[in-house]
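Peer 1:
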Amino acid sequence: MKKAMMVPALVFIALLASPGDAAIRDAGVYLKKNVVAKKLKNGITVILLNRGFAPVCAFEIAFRVGSVDENYRTAGAAHLLEHMLFKGTDTIGTTDYAKERVIQSRIEAVGETIDRLKLESPKNARLPELEKELARLQEAQSKFLTAEPYDRIYSEIGGVGLNASTSRDKTGYYIELPASQMETWAKMESERLMNLVLREYYLERSNVLQERLMHYDSLGTGLIYERFMAEAFIAHPYRHPIIGWRSTIPFLSIEDVRAFYRERYIPSRMTITIVGMQDTAKTLALVEKYFGRIEQRPEPPPVTAMEPPQMGERRFILDFESNPYLVIGWHKPAFPAYDDLVCEVISELLTGGMSARLNRALVVEKKIASSISAWNGAPGARYDNVFALFATPRPPHTAEELERAIYAEMDRLFADVSEAELVKVINSIESETVFDLETNKGLARTLSYYQTLYGDWTYAAQYPEMTRRITVQDIKKAGARYFIPGNRTVGVLRDSRAAGGAR
Amino acid sequence: MKRYALLVLMLIAASALQGSAGADLKLPPVRTAALTNGIKLFYVQDELPQVTVVLSAGYGRMYEDRESAGMAELMAQAVSLGGSKRFPGTVLHEKVDAMGGRFSIEAGWEHVLISIKVLDRFRDEALDIVADLAANPNMEEQYLDNAKALVADSIRRKYDDPAEIAFERARAIIFGGEGYGSTPTEAGVRSYSLERVRETWRKHFAGRNIMIGMYAPLGFPEAERLCRERFAPLPAGAAAMYPADRKKALDAVASSRNKIFFYPKDIPQSTVVVGTIAPDIKYAGAYSLEVMNYILGGGSFSSRLMQEIRVKRGLAYAVQSIMRFRYRSGVFLAFAQTENKSAGEVLSLLTGNIGRMTAEPVPAAEIVWAQRAINNSFVFQFDTPLNILSNYMEIAYNELPADYYISYLDRINAVDAGEIMRESRDLFSPGLITVVVGNESVVPELRKRGEVVVLK
Numbered sequence: 030m031k032k033a034m035m036v037p038a039l040v041f042i043a044l045l046a047s048p049g050d051a052a053i054r055d056a057g058v059y060l061k062k063n064v065v066a067k068k069l070k071n072g073i074t075v076i077l078l079n080r081g082f083a084p085v086c087a088f089e090i091a092f093r094v095g096s097v098d099e100n101y102r103t104a105g106a107a108h109l110l111e112h113m114l115f116k117g118t119d120t121i122g123t124t125d126y127a128k129e130r131v132i133q134s135r136i137e138a139v140g141e142t143i144d145r146l147k148l149e150s151p152k153n154a155r156l157p158e159l160e161k162e163l164a165r166l167q168e169a170q171s172k173f174l175t176a177e178p179y180d181r182i183y184s185e186i187g188g189v190g191l192n193a194s195t196s197r198d199k200t201g202y203y204i205e206l207p208a209s210q211m212e213t214w215a216k217m218e219s220e221r222l223m224n225l226v227l228r229e230y231y232l233e234r235s236n237v238l239q240e241r242l243m244h245y246d247s248l249g250t251g252l253i254y255e256r257f258m259a260e261a262f263i264a265h266p267y268r269h270p271i272i273g274w275r276s277t278i279p280f281l282s283i284e285d286v287r288a289f290y291r292e293r294y295i296p297s298r299m300t301i302t303i304v305g306m307q308d309t310a311k312t313l314a315l316v317e318k319y320f321g322r323i324e325q326r327p328e329p330p331p332v333t334a335m336e337p338p339q340m341g342e343r344r345f346i347l348d349f350e351s352n353p354y355l356v357i358g359w360h361k362p363a364f365p366a367y368d369d370l371v372c373e374v375i376s377e378l379l380t381g382g383m384s385a386r387l388n389r390a391l392v393v394e395k396k397i398a399s400s401i402s403a404w405n406g407a408p409g410a411r412y413d414n415v416f417a418l419f420a421t422p423r424p425p426h427t428a429e430e431l432e433r434a435i436y437a438e439m440d441r442l443f444a445d446v447s448e449a450e451l452v453k454v455i456n457s458i459e460s461e462t463v464f465d466l467e468t469n470k471g472l473a474r475t476l477s478y479y480q481t482l483y484g485d486w487t488y489a490a491q492y493p494e495m496t497r498r499i500t501v502q503d504i505k506k507a508g509a510r511y512f513i514p515g516n517r518t519v520g521v522l523r524d525s526r527a528a529g530g531a532r
Numbered sequence: 142m143k144r145y146a147l148l149v150l151m152l153i154a155a156s157a158l159q160g161s162a163g164a165d166l167k168l169p170p171v172r173t174a175a176l177t178n179g180i181k182l183f184y185v186q187d188e189l190p191q192v193t194v195v196l197s198a199g200y201g202r203m204y205e206d207r208e209s210a211g212m213a214e215l216m217a218q219a220v221s222l223g224g225s226k227r228f229p230g231t232v233l234h235e236k237v238d239a240m241g242g243r244f245s246i247e248a249g250w251e252h253v254l255i256s257i258k259v260l261d262r263f264r265d266e267a268l269d270i271v272a273d274l275a276a277n278p279n280m281e282e283q284y285l286d287n288a289k290a291l292v293a294d295s296i297r298r299k300y301d302d303p304a305e306i307a308f309e310r311a312r313a314i315i316f317g318g319e320g321y322g323s324t325p326t327e328a329g330v331r332s333y334s335l336e337r338v339r340e341t342w343r344k345h346f347a348g349r350n351i352m353i354g355m356y357a358p359l360g361f362p363e364a365e366r367l368c369r370e371r372f373a374p375l376p377a378g379a380a381a382m383y384p385a386d387r388k389k390a391l392d393a394v395a396s397s398r399n400k401i402f403f404y405p406k407d408i409p410q411s412t413v414v415v416g417t418i419a420p421d422i423k424y425a426g427a428y429s430l431e432v433m434n435y436i437l438g439g440g441s442f443s444s445r446l447m448q449e450i451r452v453k454r455g456l457a458y459a460v461q462s463i464m465r466f467r468y469r470s471g472v473f474l475a476f477a478q479t480e481n482k483s484a485g486e487v488l489s490l491l492t493g494n495i496g497r498m499t500a501e502p503v504p505a506a507e508i509v510w511a512q513r514a515i516n517n518s519f520v521f522q523f524d525t526p527l528n529i530l531s532n533y534m535e536i537a538y539n540e541l542p543a544d545y546y547i548s549y550l551d552r553i554n555a556v557d558a559g560e561i562m563r564e565s566r567d568l569f570s571p572g573l574i575t576v577v578v579g580n581e582s583v584v585p586e587l588r589k590r591g592e593v594v595v596l597k
C-alpha cells in the first residue's frame, strides 16, 4: 500500500513540553476551576475539561436510563437497545435505505409473529417456514448493509475503547479519539440518537443470549449475584438482571425496544462529557450544532415501586459446578444521603486495603477467606440499595464458618472503631480523587456519573470533604441501624460436585 | 544470558508525535539513568501531586517449567503478605493504607512488578518501601504457607471459569508445560521450599535484572538522587532470561493438528480455542502478522471472525483472535464462546477463516482499514505518563532499536497482501491446537471434525 493513501501518519518531531510548570495541588480545586458545564436549550447537560499533553479526548454520552426503568415484560430492553445503537441509522451503515426499509419492515413483522407463535407453542406448524423466511429476509437485507458501521468508521479514524455499558441506573457510550475527530464524533453520535434503525435485531438478540450464557449461566459467581439481587429486592425493579432473564431475552419485542428508545433516550436525561485536549468554547459550539437538534420529549413515568422493609433475614443456597462463594447484603439509603457516605466509610474500614478489618483478620491472620470485597451501593445508586460483601471461603473452611467470622469482625468494628482508622479512610478517599485525574477516560467517567445520576458533577470535587464529616459515632449508629440480622440477605454458592449427586 | 541494550533514548525523549489532527503531541521527556549496579531508571515529570513507582524484575511465567510452575505467582504473593525486613507484614499494609496508597506485587509473563502510587507528600516513604521489598523481602515460613494456600485456591477457582480453562490448556499443549505453557498445580506450588523461593527472589531482584519506572511532580535530578540513595545498594547480580524451544512447540502443534482436546464441564455454553506458537518480537514478519491478526480477529467488530460468527450468524458474544510477540517467543490464540449446540459450527468458522488467510490474498480495502486504524490510534500509546514509561521499558527489556516506535508505522504501512499470505502460511502451516470446554453433548459434533481427546 502506498503511503499517500494513508490518513496522515504519526511522525516524530523534536519538541519538548514542561508539564511541571502547571502542577496541580488539589484535585477538587482543580476540577472546580477548570470544568466547563452548560445545559443546552433542549435540556442536555454538557461537561468539558481541557487537559493533558496529547491531542486526544475521551467522550462519554450517558443517559439516566437503565434496567431499573424496565418492567417484567421489558427486562433486558435497556441492554439490548445499547447493543442496537451500534447498528447504524438511515444514513450510516446502509447503501440504500429506501430499499432496505421495505425489507426491514417485513423482518419486523415476521420476527414479531415468530415470537408470538413460539410463546403460544414452540411446536406451532408455521414456525419452520416463518424462520426460513426470516433467514431469507436477513440475507436480502445484508446486501445493503455495512456491518457494524460505528466500529468500522471509528476504528479507521483512530478510535480506541469504543464501547457502551448498561447498568441498573445508567447507559453510557464511550470512545477515545484524536481531538481532531471531534466533529465526526458529534455527527455520528447525534445521528444515532435521532435516526436509529433497529436492523439485525434478531441476530443481536441471539448474541445477547450468548452473552448471558457467558456471564451468568456458565459461571457460579454470575448466577449467585443474579439470584442474590432477586432475593434482596422483592418489589423494586433492582431485582431484574440488567441483561434480562434467560426466558425473557428470546421474546424481547422490537416494538418494546423501540418504544424504550423513544421514551427514555431524552435530552433531559442525557449528559455529554468530553475530557482531553480541546478548546472548550469551540467544543461547546460543535456540541450545540449537532446535539441541539435533538428535540425535547416529555419525562417518562417514574419508577413507583418501593422496596418494603425487609422484616427478617432472607437466605438461599445455589448449587452449581463451582467453588463455594458467599454474598451478604444489608439494605441502606442511596447517595447523596449522609448514611450512604457513612456506609462508604464502613466499606473502606472493612475491605479497603490489606490492613482493613476483614482482610487483615480473615485473609491474613485467621486464614478463613481467600478474598473479601465490599460494594456500598449494589446493584445501583439511583434508589435505596444494598451494602454487599462478596467472600470466597478458603478450604477447609466453609461458607458458613466464614459468614460467622465476618459477623464477629463487624461486631468488633462497630464496638471499637477508632478516629485513627477514619483518618486512614479519608486519606484513601483523598488519594483516589487525585489518582482519578490520571486518565481522560477515568475522569470523564467520574464526572459523567455524578452528573447523570444526581444532576451535579461537583460531587466529584466535594466527595473527600463530604466524607471528612463522618465520625466514630456515625459508624456505630449505622451498625445498629442497618447491619442487623433482620435487614440482611445471605446467599451461599455450594459446589454441586461436593455432594456427589446425592439427594 | 540477556544483556540490556544501550539505548539511545534521547532521540525519542526529545520527540513529539504529530497526530492525524496535525496538532502537536508534546510528550513530556523521558529521562533515563543507569545506576552503578545496572538498574535502569526511567522518569517522567508529571503535573499531578502523586508519585508512582514501578520496579520491574525480569521473571514470570515465561521463566517457569514443569518443576517451577507457579513460582512467580507464589513468590509475589509471599512477599506481598510478608513485606520486608523494615516493613514486615501488617506494618507494610498499615503503612500503605494509612497513606491512602495503592500497592501491589504481581507476577506477569515476563516481569514481577512492585508498584506503589501515593500522594506526593508520601514519596520518600513509597520509595523506602519499594527499595526495602526488593532488597530485603521478609520471606518467612508463615507468610509462605499463607501464600501457598491463597495461590492453591486461585488455581482451583480458575477451573470455575471455562475461558480460563480453555486458554490455559491450549497454551500448555502448545508449549509442553513450559514458559507460555506453564501450568501451576496445587501440589506443585505447595512443594516449593522456603529456601528455593528466597533464592528465586534473590537471583531475579538484582540490579542488572531490574528496571524502575517513575513519574512524579519533581525534577529529574531530585528523582534520580532519591532513587540512587535507595536502590544503589542492591547487588548487581546478572540479567536473567528464559529458555524457549521453538522446535519443540512446533512439533507439539504438528502432532496434535487433527485432534480436538475436550474438557468436559456441565455448563450450557462451550468455549472453543485454537492456537499455535508465534514468532518473537524481533521477527521481521511480525508487522505483517500484526496487520493480519487485526483483520482476522483483533480489530474488534469489523474483524472477520467477529463478522462471520457474531454479526452475521448471532452465534457468540465473545469472539477474538490474539497475537502476542514477546522477547523469545509468541503465541496466537483465537476463541469464541457459543451455545453447546453450535460449538462444532463455530470451530469450523474459526479454522475456516484462519485458513482463508493462508489461501487467499486479503483485499486491499481490508489492509488499508487495518493500517489506518493502527496509524490513527498510535497516539494512544503515548497519552499518559504510565503509557510512555511502559513503552520505554518494553524497548529496553526487548532490546529493540531506539527508533522502534519511530519506524513502527512505516513498517506497518509497508505490509502488503503478499506478505500477509506468506507470513500466515508460515504461522499456520504446522497446524492448530484445538481445545473445547463444554457439555459432553458437543462431542458428536466435534468427532465430525477430528479425533476427540478427553482432558481430565
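Just so you know, the sequences run in chain order A and B. The first sequence begins at 30 in this note's numbering and counts up by one. The second sequence begins at 142 in this note's numbering and counts up by one. Glycine included, each C-beta is placed from N, C-alpha and C at the ideal position.
Are the stretch 236 to 247 of chain A and the stretch 146 to 153 of chain A touching by the rule of at least three beta carbon pairs closer than 8 Å?
Peer 2: The answer is no - the stretch 146 to 153 of chain A does not touch the stretch 236 to 247 of chain A, with fewer than three Cβ pairs under 8 Å.
Peer 1: What does a CB cutoff of less than 7 Å around M340(A) pick up in its chain, not counting 5 residues either side in sequence?
Peer 2: G515
Peer 1: Could you tell me the alpha carbon to alpha carbon distance between R398(B) and A259(A), rounded to whole angstroms?
Peer 2: 46 Å
Peer 1: Could you check where the alpha helix (DSSP H) with P364(B) kicks off and where it finishes?
Peer 2: The question names Pro, but residue 364(B) in the sequence shown is Ala. Start and end: F361 to F372.
Peer 1: What residues in the stretch 516 to 527 of chain B have a beta carbon less than 7 Å from any beta carbon of chain A?
Peer 2: Hits within the stretch, in order: N516, N517, S518, F519, V520, F521, F523, D524 and T525.
Peer 1: Tell me, please, whether the CB atom of V583(B) is closer than 8 Å to any CB atom in chain A?
Peer 2: no
Peer 1: Ordered along the chain, which non-local residues of its own chain (more than five positions away) have a Cβ less than 6 Å from that of H108(A)?
Peer 2: T195, I271 and I272
Peer 1: What's the C-alpha gap between G230(B) and S209(A)?
Peer 2: 50 Å
Peer 1: At what residues does the beta strand (DSSP E) containing I257(B) begin and finish?
Peer 2: H252 to L260
Peer 1: Give me, in chain order, the residues of the same chain whose beta-carbon lies closer than 7 Å to that of D407(B); leave out the 5 immediate sequence neighbours on both sides.
Peer 2: Answer for D407(B): N580, listed in chain order.
Peer 1: Taking 8 Å as the threshold (C-beta atoms), are A104(A) and D285(A) in contact?
Peer 2: No, Cβ-Cβ distance for D285(A) and A104(A) is not below 8 Å.
Peer 1: Excluding the 5 residues flanking E346(A) on each side, which residues of the same chain have their C-beta closer than 7 Å to its C-beta?
Peer 2: Rather than Glu, the amino acid found at residue 346(A) in this sequence is Ile. These residues qualify, in order along the chain: V521 and R523.
Peer 1: From the DSSP output, in three-state form, read off I301(A) for me.
Peer 2: strand
Peer 1: What's the call for K361(A), buried or exposed, on a 16-neighbour Cβ count within 10 Å?
Peer 2: buried
Peer 1: Write down the C-beta distance between R469(B) and A385(B) rounded to the nearest angstrom, noting that I regard them as a contact closer than 8 Å.
Peer 2: The Cβ separation is near 4 Å, so the contact holds.
Peer 1: Kindly list, in the order they appear in chain B, the residues whose Cβ is closer than 9 Å to that of L191(A).
Peer 2: S441 and F442
Peer 1: Name, please, each residue of chain B whose Cβ falls closer than 7 Å to the Cβ of S184(A).
Peer 2: Result: G440, S441, S443 and A514.
Peer 1: If we call anything under 8 Å between Cβ atoms a contact, is P278(B) one with G223(B)?
Peer 2: yes
Peer 1: What does M240(B) touch in chain A if you count any residue whose Cβ is under 8 Å from its own?
Peer 2: The answer, in chain order, is N456 and S460.
Peer 1: Measuring only between beta-carbons, confirm whether F464(A) sits less than 8 Å from chain B.
Peer 2: yes
Peer 1: Please look up how many angstroms separate the CB atoms of A363(A) and N414(A), rounded, as I've assumed it's under 8 Å.
Peer 2: Contact check for A363(A) and N414(A): beta-carbon distance about 5 Å, within the 8 Å limit, so the pair qualifies.
Peer 1: Confirm, please, whether the CB-CB distance from D485(A) to T475(A) is below 8 Å.
Peer 2: no
Peer 1: Looking at C-beta atoms only, is the number of pairs between the stretch 505 to 518 of chain B and the stretch 345 to 361 of chain B that lie closer than 8 Å three or more?
Peer 2: Counting C-beta pairs closer than 8 Å gives fewer than three between the stretch 505 to 518 of chain B and the stretch 345 to 361 of chain B, which falls short of the contact rule.
Peer 1: Give the DSSP-derived three-state secondary structure of S396(B) in the structure shown.
Peer 2: helix
Peer 1: Could you check where the alpha helix (DSSP H) with M355(B) kicks off and where it finishes?
Peer 2: Careful: M355(B) lies outside any alpha helix (DSSP H), inside the beta strand (DSSP E) at I351 to A357.
Peer 1: How about F375(A) and I504(A): are their beta carbons less than 8 Å apart?
Peer 2: In the sequence as displayed, the identity of residue 375(A) is Ile instead of Phe. Result yes, Cβ atoms of I375(A) and I504(A) sit closer than 8 Å.
Peer 1: Whole angstroms are fine: how far does the CA of W214(A) sit from the CA of L527(B)?
Peer 2: 27 Å
Peer 1: Let me know the secondary structure DSSP gives A33(A) once reduced to three states.
Peer 2: Per-residue confidence for A33(A) stands at a pLDDT of 32, beneath the threshold of 50, marking its modelled position as unreliable; the derived number appears in the next sentence. Helix at A33(A).
Peer 1: Does the distance from the CB of G508(A) to the CB of F416(A) come in under 8 Å?
Peer 2: no
Peer 1: If we define contact as Cβ-Cβ less than 8 Å, is V577(B) a contact residue for chain A?
Peer 2: No, its Cβ sits nowhere closer than 8 Å to a Cβ of chain A.
Peer 1: In the DSSP output, which residue or residues are listed as bridge partners for P229(B)?
Peer 2: According to DSSP, which records beta bridges pairwise, P229(B) is partnered with G224(B).
Peer 1: Counting beta carbon pairs with one atom in the stretch 297 to 309 of chain B and one in the stretch 427 to 444 of chain A, are three or more of them shorter than 8 Å?
Peer 2: no
Peer 1: Bridge partners for C86(A) per DSSP, in chain order?
Peer 2: L206(A) and G305(A)
Peer 1: Identify, in the order they occur along the chain, each residue of the same chain with its Cβ nearer than 8 Å to the Cβ of E560(B), setting aside the five sequence neighbours on each side.
Peer 2: G426 and S429
Peer 1: Between the Cα of L156(A) and those of A169(A), T175(A), V139(A) and E168(A), spot the shortest distance and give me the residue it belongs to.
Peer 2: Taking only the C-alpha atoms, the option nearest L156(A) is V139(A).
Peer 1: Examine chain A for any beta-carbon lying closer than 8 Å to the beta-carbon of Q478(B), and answer yes or no.
Peer 2: yes
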